[in-house]
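Trainee: One structure, as structure tokens, below. Some questions next.
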Amino acid sequence: MISAGDFRNGITIELDNNIFQIIEFQHVKPGKGAAFVRTKLKNIKSGGVVEKTFRPTEKCPQARIDRKDMQYLYSDGDLYNFMDVETYDQIALNQETIGNTLKFVKENEMVKVCSHNGNVFAIEPPLFVELAVTETEPGFKGDTATGATKPATVETGASVLVPLFVEIGDVIKIDTRTGEYLSRV
């Protein structure tokens, strides 16, 4: 159990049979009346954000989120298959659970599988990936004064905005959280 007075960003709590992560918290001490804690909570399973206030002495059970390194093997229709590299156990997850988190992940790459009480609810790709450009238009000389970009398709099929000097076959580094081009490798 964790009291509302001990809330910090990133802590996961159980509330109303759901699991929430604290995005923001603020201890408020008004001039008149009792102090309270104002929070923004993100539902980990649905992704929705709610605002809730707590008394500093209120207690909530802290949720334990397990993050396990697994290897993404392949997709088979609507199912995505992952393998635990230590025990070689395989699990298959549906498109609804995965969302679009694998758009920058190649087969045989390592990802983190997040679960609560054995129920998988999310996949965390690596923060940065290196992918080859498979399709892009040629850049025009002289268009670099504004830091212009052009669309490019990488080997996983995802589209990324890249600088004009990037060509087909170049390997680029991408931030998977924002989908932004970082550099050429």
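Heads up, the sequence shown is in our numbering, so the first residue is 6 and it goes up one at a time. Ideal Cβ positions, reconstructed from N, Cα and C, are used throughout, including at glycine.
Suppose you measure from the CA of Met6 to the CA of Ala40; what does that come to, to the nearest Å?
Mentor: For this step, residue 6 is matched to residue 1 along the sequence shown. For this step, residue 40 is matched to residue 35 along the sequence shown. Taking the straight line from one Cα to the other gives about 20 angstroms.
Trainee: Give me whichever residues DSSP pairs with Met88 in a beta bridge.
Mentor: The count along the sequence shown starts at 1 and reaches residue 88 at position 83. According to DSSP, Met88 bridges with Gln76, Gln95.
Trainee: With DSSP run on the structure shown, which of helix, strand or coil describes Thr102?
Mentor: Start at 1 with the first residue of the sequence shown, and residue 102 comes out as number 97. Three-state DSSP puts Thr102 in a helix.
Trainee: Output the boundary residues of the beta strand (DSSP E) element that contains Ile70.
Mentor: Reading the sequence shown from its first residue, position 65 is the one you call residue 70. That residue, Ile70, is in no beta strand (DSSP E); it is neither H nor E in DSSP.
Trainee: Among the residues of its own chain, which have a CB less than 7 angstroms from the CB of Ala68, if the five just before and after it don't count?
Mentor: Translated into the one-based positions of the sequence shown, residue 68 becomes position 63. Thr17, Ile18, Glu19, Ile24, His121, listed in sequence order.
Trainee: What are the start and end residues of the beta strand (DSSP E) that includes Pro5?
Mentor: The structure shown does not extend to residue 5, since the chain is modelled only from 6 to 190, so the question has no answer here.
Trainee: Specify, as a first and last residue, the run of the beta strand (DSSP E) that Ile28 falls within.
Mentor: Position 23 of the sequence shown, counted from the first residue, corresponds to residue 28. That run of the beta strand (DSSP E) goes 23-33.
Trainee: Could you pull out every residue in the same chain whose Cβ sits closer than 6 angstroms to the Cβ of Glu142, ignoring the five residues on either side in sequence?
Mentor: Residue mapping note: residue 142 aligns to position 137 of the sequence shown, counting from 1. Once the five neighbours on either side are set aside, the close Cβ partners of Glu142 are Lys155.
Trainee: For Arg182, which of Phe133, Glu172, Ala137 has the nearest alpha-carbon?
Mentor: Taking the first residue of the sequence shown as 1, we reach residue 182 at position 177. Residue Phe133 is the option with its Cα nearest to Arg182.
Trainee: Determine the burial state of Met115: buried for a count of at least 16 other Cβ atoms within 10 Å of its Cβ, exposed for fewer.
Mentor: Here residue 115 refers to the residue found at position 110 of the sequence shown. Met115 comes out exposed.
Trainee: Compute the beta-carbon to beta-carbon distance between Leu136 and Val176, rounded to the nearest angstrom, for a pair I have assumed lies under 8 angstroms.
Mentor: As a first step, residue 136 must be located in the sequence shown, where it is residue number 131. As a first step, residue 176 must be located in the sequence shown, where it is residue number 171. Confirmed, Cβ separation roughly 7 angstroms.
Trainee: Cutting at 6 angstroms between CB atoms, please list the residues of its own chain near Ser164, excluding the five before and the five after it.
Mentor: Working through the sequence shown from its first residue, we reach residue 164 at position 159. Excluding residues within five positions, the ones whose Cβ falls inside 6 angstroms are Pro156, Thr158.
Trainee: From the DSSP output, which residues share a beta bridge with Asn124?
Mentor: The sequence position of residue 124 within the sequence shown is 119, counting from 1. BP columns for Asn124 point to His121.
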